[in-house]
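Here the protein sequences come in this chain order: C and H. Using UniProt numbering, the first residue of the first sequence is number 1, and each one after it goes up by one. Using UniProt numbering, the first residue of the second sequence is number 1, and each one after it goes up by one. Every residue, glycine too, gets a C-beta built ideally from N, C-alpha and C.
Number of protein chains: 2
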Amino acid sequence: MSETPDSAVHAVRTYIEQHRAAFLGDLAEWLRIPSVSAQPDRAGDVRRSAEWLAAKLTETGFTTVEVWETDGAPAVFAEWPSDDPDAPTVLVYGHHDVQPAAREDGWHTDPFEPTVVDGRMYARGAADDKGQVFFHTLGVRAHLAVTGRTAPAVNLKLIVEGEEESGSPHFRALVEAHAERLAADAVIVSDTGMWSETTPTVCTGMRGVADCEIELYGPDQDIHSGSFGGAVPNPATVAGRIVAALHDEHEHVAIPGFYDGVTELTDAERALVAELPFDEEAWLRTAKSHGTLGEAGFSTLERVWARPTAEVNGIGGGYQGPGGKTIVPASAQLKLSFRLVAGQDPAKIELAVRDWLAGLVPAGIRYEIVFGAPTRPCLTPLGHPALKAVAGAMSRAFDGAKVRYTREGGSGPAADLQDVLEAPVLFLGISVPSDGWHAPNEKIELDLLMKGVETTAHLWGDLPTALLATER
Amino acid sequence: MSETPDSAVHAVRTYIEQHRAAFLGDLAEWLRIPSVSAQPDRAGDVRRSAEWLAAKLTETGFTTVEVWETDGAPAVFAEWPSDDPDAPTVLVYGHHDVQPAAREDGWHTDPFEPTVVDGRMYARGAADDKGQVFFHTLGVRAHLAVTGRTAPAVNLKLIVEGEEESGSPHFRALVEAHAERLAADAVIVSDTGMWSETTPTVCTGMRGVADCEIELYGPDQDIHSGSFGGAVPNPATVAGRIVAALHDEHEHVAIPGFYDGVTELTDAERALVAELPFDEEAWLRTAKSHGTLGEAGFSTLERVWARPTAEVNGIGGGYQGPGGKTIVPASAQLKLSFRLVAGQDPAKIELAVRDWLAGLVPAGIRYEIVFGAPTRPCLTPLGHPALKAVAGAMSRAFDGAKVRYTREGGSGPAADLQDVLEAPVLFLGISVPSDGWHAPNEKIELDLLMKGVETTAHLWGDLPTALLATER
Chain C
1 MSETPDSAVH AVRTYIEQHR AAFLGDLAEW LRIPSVSAQP DRAGDVRRSA
51 EWLAAKLTET GFTTVEVWET DGAPAVFAEW PSDDPDAPTV LVYGHHDVQP
101 AAREDGWHTD PFEPTVVDGR MYARGAADDK GQVFFHTLGV RAHLAVTGRT
151 APAVNLKLIV EGEEESGSPH FRALVEAHAE RLAADAVIVS DTGMWSETTP
201 TVCTGMRGVA DCEIELYGPD QDIHSGSFGG AVPNPATVAG RIVAALHDEH
251 EHVAIPGFYD GVTELTDAER ALVAELPFDE EAWLRTAKSH GTLGEAGFST
301 LERVWARPTA EVNGIGGGYQ GPGGKTIVPA SAQLKLSFRL VAGQDPAKIE
351 LAVRDWLAGL VPAGIRYEIV FGAPTRPCLT PLGHPALKAV AGAMSRAFDG
401 AKVRYTREGG SGPAADLQDV LEAPVLFLGI SVPSDGWHAP NEKIELDLLM
451 KGVETTAHLW GDLPTALLAT ER
Chain H
1 MSETPDSAVH AVRTYIEQHR AAFLGDLAEW LRIPSVSAQP DRAGDVRRSA
51 EWLAAKLTET GFTTVEVWET DGAPAVFAEW PSDDPDAPTV LVYGHHDVQP
101 AAREDGWHTD PFEPTVVDGR MYARGAADDK GQVFFHTLGV RAHLAVTGRT
151 APAVNLKLIV EGEEESGSPH FRALVEAHAE RLAADAVIVS DTGMWSETTP
201 TVCTGMRGVA DCEIELYGPD QDIHSGSFGG AVPNPATVAG RIVAALHDEH
251 EHVAIPGFYD GVTELTDAER ALVAELPFDE EAWLRTAKSH GTLGEAGFST
301 LERVWARPTA EVNGIGGGYQ GPGGKTIVPA SAQLKLSFRL VAGQDPAKIE
351 LAVRDWLAGL VPAGIRYEIV FGAPTRPCLT PLGHPALKAV AGAMSRAFDG
401 AKVRYTREGG SGPAADLQDV LEAPVLFLGI SVPSDGWHAP NEKIELDLLM
451 KGVETTAHLW GDLPTALLAT ER
């Protein structure tokens, strides 16, 4: 940690410093495009985001840049072949769509007008995921500049999709349709974070997610709770009972079959988790929460990294305006999501939820349940040599600091890439827990963003050797 | 039923027919005033409604008409003394405020533009309660016209409050402040309905109601359900668990102490209820519901008339917009109401709910609970001779039909009048279950509205004899 940086580290930093301002200006321009994939009226912005990125990648030097259509939002594909015929191929994954955001949700600044304060850039998508996609543009330029190459040491490919925040409903089909062009020896997913500013880490897995919306219909319209209340089923009451039935008294998910096939943590993995410098009070501050609650028998980190969950994302029904209204509501709605871990099959989870729900809705209440496209869970093979290369490159960017292993509780379509391309998936992200993903005032730490650039600048030089050591 | 109407019945009908068109025109004018007491921005309309009514009562002939201020919306008091020094005093109760209504809730016409179709007038407040207050204006004129009197046979008083749909928070204080001027030998409440168009009934009791709003606060803002879900308490989940804890598996309210003091139905009362021509399919159509569900061991009518309930009027939390949003919500809200029956004390119910709730909210969730002003339950003494007078007057209006007894599941501040004025409370209403109280497309049947006019025209002549038979 107190060693003098090697000359490559110095050269990379010098190059990056010279280009930092222009790089951040470009990123801000991208962040101004409100590419919210969940909101149909933002479809034009999502497309504009894809086109903006495509132009920027061409400017960066990628020799092939294409906007790929899907049945939903467009993705961007880019390729920059190595001039070394033996070079391995790396595919970088990220996404250019963002979560919904509105000033009135608690943002201190316009979510789509990037604002730099104290070395942080605040904007929706700053960390999730535009900032972390964008560091690859300067990273590959730095790699070329310090090595004197005219083409990267790896065949570099990028796939940047536009529907990750909507559950990537068309991503698997896209990957399947373009499997040959996406083929790679390793996939680098840049859509996760690391432990903290001072503890660089490489993520080795993400949870999957399945989500559904449930509509419950009772009376044909809101009816008088005095005249009819107590004698007819109330859909808002049923919604509450469904929520309550999600968990047992130990906070285990109570849906029959939910845990079938779950890959349990080994004792060694639990030991690795326990070694991390976890400060629950600090974690709670990051979570902006005032207490922990979760599945009995597991630590907080185990709960968010390695255990499946059932969560209520939204609930609504009846009168929510000012004052009171003595009604039995006509309808109620639930938005539920289930985080999944390795070994769980989203299709089986959907069936389990449907069966469970059918037993909870009384006569007189009609219901509909619609599932979104699921995202499968993903785990990096812990023994893969490329993992060591990623950790090594990151260590150089972080002045020789020891790089540890974590997982992420969030979800991404990494498993689709792993399954379809039959390639190992690695995670490279520099976002920190305080970045506020999906929350108001999302931001990225600019110094860490530059560490991301540095890491990739080293990695593209290091990876060929590491991957040649692997059976290809 | 096939008897020739007596001459008074004929005279009353003739008089009413002559004045029907003008009467309905006036009512429509009143219904155009959107006097929604639950919405603060409608306060001016509620005042306008009171002033409109006061002017109309003066025009009718009431000798004293005053708008009474409260700490909330104004009430209207009117008095028309008898010229008979021995005349008993009757106080009529109603309200001039209405439930919220918006075209987009499912109204076929503007809720504040009365529309007559097929003998029905559609408007918010047509039945609840402006129409049923207003029939008293023509009723007393008809009474005078057919008897040749210049003043009523009873000392007639009216109190028409402006906050009934908000739980009458200031009504008891108003009655206490003006107890001497409101003093009466009997109170006639015109804010209920009858069994059906063909089965005239007199209501003998109403349920009370206590309501509360519960706010549940979890994270300081919405947080990522992948990064934090499964390890922190979710306020929307807690809201669901509170809802589920309201009832046990037999649909009994499960709040400890909730049933303390409840006046149980006697076998004789249950037999009277069972005698009514109840058609559950027809009742369900009126309830616009698709099944019955309620407390085990009781019939549908017993459930809505004589059993206390816990109802979810509104629930909300997290993301309710289009698409999904994978968050743990920052907060959730519940609006609950509890219908109460004779023997239950709203103050004790509030304490029971607060104690119960405190045991349901986990560490890490902060909550607030606010109760509205309760409305107490009310029961008419079944043996009171005035009840016979009301039933008799109604029978004459309905061509000699047998008048039966019912209760109402809804709530009104009748109990305050009973308690403070120490007077028996009787119910006189001509609304029918299909009138859609609190629902879109509320209406009043115009022929029944005129039966209400007829009933009062007879009643003011009949009541002196009936009440003189009572210990005064």
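Inset, instruction - Use the C-beta contact count for P433 of chain H: other C-beta atoms within 10 angstroms, 16 or more gives buried, fewer gives exposed. - result: Under this definition P433 of chain H is a buried residue.
Inset, instruction - Determine the extent of the alpha helix (DSSP H) in which S395 of chain H is found, giving its start and end residues. - result: Unbroken alpha helix (DSSP H) run through S395 of chain H: P385 to A397.
Legend entry - chain C contacts from the segment 345-368 of chain H (Cβ-Cβ distance under 8 Å): Result list: P362, A363, G364, I365 and R366.
Legend entry - Min CB distance P433 of chain H to chain C below 9 Å: Interface criterion met: the Cβ of P433 of chain H is under 9 Å from a Cβ in chain C.
Inset, instruction - Could you tell me which of H:Y15, H:A102 and H:E163 sits nearest to S49 of chain H, measuring between CA atoms? - result: Considering only alpha carbons, the answer is H:E163.
Legend entry - Contacts around G72 of chain C, its chain only, beta-carbon distance under 7 Å, and the 5 residues preceding and following it disregarded: Apart from the 5 residues on each side of it in sequence, G72 of chain C sits with its Cβ closer than 7 Å to the Cβ of E163, P169 and H170 in its chain, given in chain order.
Legend entry - N-terminal and C-terminal residue of the beta strand (DSSP E) that K335 of chain H is part of: S331 to L340 is the span of the beta strand (DSSP E), which, as asked, contains K335 of chain H.
Inset, instruction - List the whole-angstrom C-beta distance separating P329 of chain C from D220 of chain C, where the pair is believed to meet the contact cut-off of C-beta under 8 Å. - result: Not really, about 12 Å apart at Cβ, beyond 8 Å.
Inset, instruction - Could you say which of C:F135, C:L138, C:H438 and C:L340 lies nearest to Q99 of chain C if we only look at CA atoms? - result: Q99 of chain C has its Cα closest to that of C:H438, out of C:F135, C:L138, C:H438 and C:L340.
Inset, instruction - From the DSSP output, read off the bridge partner residues of V189 of chain H. - result: The secondary-structure analysis by DSSP pairs V189 of chain H across a beta bridge with H:Y93 and H:F427.
Inset, instruction - Put E29 of chain H into one of helix, strand or coil per three-state DSSP. - result: Looking at E29 of chain H - three-state DSSP - the assignment turns out to be helix.
Inset, instruction - Compile a chain-ordered list of the residues in the segment 221-237 of chain H whose CB is closer than 7 Å to at least one CB of chain C. - result: Residues of the segment 221-237 of chain H with a Cβ closer than 7 Å to any Cβ of chain C, in chain order: Q221, D222, I223, H224, S225, G226, S227, F228, G229, G230, A231, V232, P233, N234, A236 and T237.
Legend entry - Three-way DSSP call (helix, strand, coil) for S2 of chain H in this model: Note that S2 of chain H has pLDDT 34, beneath the 50 cutoff, so the model's placement of it is unreliable and the number below is only indicative. Assignment of S2 of chain H by DSSP, reduced to helix, strand and coil, places it in the coil class.
Legend entry - G240 of chain C: first and last residue of the uninterrupted alpha helix (DSSP H) it sits in: First-last of the alpha helix (DSSP H) with G240 of chain C: P235 to A244.
Legend entry - Contacts that N155 of chain C makes with chain H (C-beta to C-beta distance below 7 Å): Neighbours of N155 of chain C on chain H: none; closest Cβ ~31 Å, over 7 Å.
Inset, instruction - With 9 Å as the C-beta to C-beta threshold (strictly closer), list the residues of the segment 314-336 of chain C near chain H in chain order. - result: Residues of the segment 314-336 of chain C with a C-beta less than 9 Å from any C-beta of chain H: G314, I315, G316, G317, G318, Y319, Q320, G321, P322, G323, G324, K325, T326, I327, V328, P329, A330, A332, Q333, L334 and K335, listed in chain order.
Inset, instruction - Mind checking who H247 of chain C pairs with in its DSSP beta bridge? - result: Residue pairing of H247 of chain C in beta bridges, as defined by DSSP: C:V253.
Inset, instruction - Kindly list the residues whose CB is nearer than 6 Å to the CB of residue 505 of chain H, restricted to its own chain and excluding five residues on each side of it in sequence; keep chain order. - result: In this structure chain H extends from 1 to 472, so residue 505 of chain H is not present and cannot be described.
Legend entry - Residues within the segment 252-263 of chain C neighbouring chain H, beta-carbon criterion of under 8 Å: Under the 8 Å Cβ criterion, the segment 252-263 of chain C contributes no residue.
Inset, instruction - Closer than 6 Å by C-beta to E408 of chain C: which residues in its own chain qualify, once you throw out the five before and the five after it? Chain order, please. - result: Within the same chain, E408 of chain C has close Cβ partners T192, C203 and M206.
Inset, instruction - Could you please give me the residues that DSSP links to D211 of chain H through a beta bridge? - result: Per DSSP, H:S337.
Inset, instruction - Let me know the secondary structure DSSP gives W107 of chain C once reduced to three states. - result: Shown here, W107 of chain C sits in coil according to DSSP, grouped into three states, outside any helix or strand.
Inset, instruction - For chain C, find out if any of its Cβ atoms is closer than 9 Å to the Cβ of R13 of chain H; answer yes or no. - result: Output row for R13 of chain H: interface = no.
Inset, instruction - Measure the C-alpha to C-alpha separation of Y405 of chain H and A386 of chain H and round it to an integer number of angstroms. - result: Straight across, the Cα-Cα distance linking Y405 of chain H with A386 of chain H is about 14 Å.
Legend entry - Beta-carbon neighbours of R303 of chain H, restricted to chain C and to distances below 7 Å: The contacting residues are G230 and A231.
Legend entry - Cα-Cα separation between T147 of chain C and W305 of chain C, rounded to whole angstroms: For T147 of chain C and W305 of chain C, the gap between their C-alpha atoms comes out near 38 Å.
Inset, instruction - Measure the CB-CB distance between K335 of chain H and Q320 of chain C and report whether it falls below 9 Å. - result: In this structure, Q320 of chain C lies closer than 9 Å to K335 of chain H by Cβ.
Inset, instruction - Could you pull out every unbroken alpha helix (DSSP H) segment of at least 4 residues lying fully inside the segment 118-171 of chain C, listed in chain order? - result: Within the segment 118-171 of chain C, complete alpha helix (DSSP H) segments of at least 4 residues are found at 130-147, given in chain order.
Legend entry - T14 of chain C versus R20 of chain C: straight-line alpha-carbon distance, rounded: Distance between the alpha carbons of T14 of chain C and R20 of chain C: 10 Å.
Inset, instruction - Starting from the beta carbon of L293 of chain C, find every residue of chain H whose beta carbon is closer than 7 Å, and list them in chain order. - result: Here the neighbours are V232, P233, P362 and G364.
Legend entry - Residues from the segment 89-121 of chain H in contact with chain C, defined by Cβ distance under 8 Å: Taking 8 Å as the Cβ-Cβ cut-off against chain C, the residues of the segment 89-121 of chain H that qualify are Q99, P100, D105 and G106.
Inset, instruction - Please confirm if P34 of chain H has its CB atom under 9 Å from at least one CB of chain C. - result: Closer than 9 Å: no.
Inset, instruction - Count the other C-beta atoms from every protein chain shown that fall within 10 angstroms of the C-beta of T309 of chain C, then say buried if there are 16 or more, exposed otherwise. - result: Burial call: buried.
Inset, instruction - Consider the Cβ of P277 of chain H: report whether some Cβ of chain C lies at a distance smaller than 9 Å. - result: Chain C contact via Cβ: absent.
Inset, instruction - Express the C-alpha separation of F62 of chain C and L463 of chain C in angstroms, rounding to a whole number. - result: Going from the Cα of L463 of chain C to the Cα of F62 of chain C covers about 19 Å.
Legend entry - Cβ neighbour criterion (16 or more within 10 Å) applied to A38 of chain H: Classification of A38 of chain H: buried, given that the 10 Å Cβ count is 16 or more.
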